[in-house]
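Numbering (mature numbering (1 follows the signal peptide of the UniProt record, and there is no 0)), first residue to last: -24 to -1, 1 to 88.
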């Protein structure tokens, strides 16, 4: 493959990745989702035991300080904001979660 063609392919791929991220298609932090048992209660696009990630994103995406509130709730558990089920304590979801991991998960959820 010649160099100009290769550069063009790389540039096109970069534009497509950037466009996907801008439209809520960022890659799932699968290891964190698995480690903290997120899918025990949530799904990406339909309510289950708790709201879907898409529902959470729709409700909180444009709410000031929502990122901070959701990270706090993820790290400590919290009262129900939807229906009757509260966010379980971290010990019931795979153990403590660092501020950095909570930030990563919440950022991903808000892109759904």
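Note that CB positions come from ideal geometry on N, CA and C, so glycine has one too. Source: prediction; values computed, not measured.
Exposed unless 16 or more other CB atoms sit within 10 angstroms - verdict on residue 27: buried
Spatial neighbours of residue 84 in its chain, beta-carbon cut-off 7 Å, leaving aside the 5 residues before and after: 2, 4, 5
So which of 19, 44, 69, 65 has the shortest CA-CA distance to residue 80? 44
Using a Cβ-Cβ distance under 8 Å, would residue 19 count as near chain C? Checking the listed chains, one finds no chain C in this structure; it contains a single protein chain.
Counting only the same chain and skipping the five closest in sequence on each side, list residues whose C-beta sits under 7 Å from that of residue 73. 12, 50, 51, 66
If we count the other Cβ atoms within 10 Å of its Cβ and call it buried at 16 or more, is residue 82 buried or exposed? buried
Which residues share a DSSP beta bridge with residue 63? 54
Enumerate, from N- to C-terminal direction, the unbroken alpha helix (DSSP H) stretches of 4 or more residues contained entirely within the stretch 20 to 51. 29 to 36
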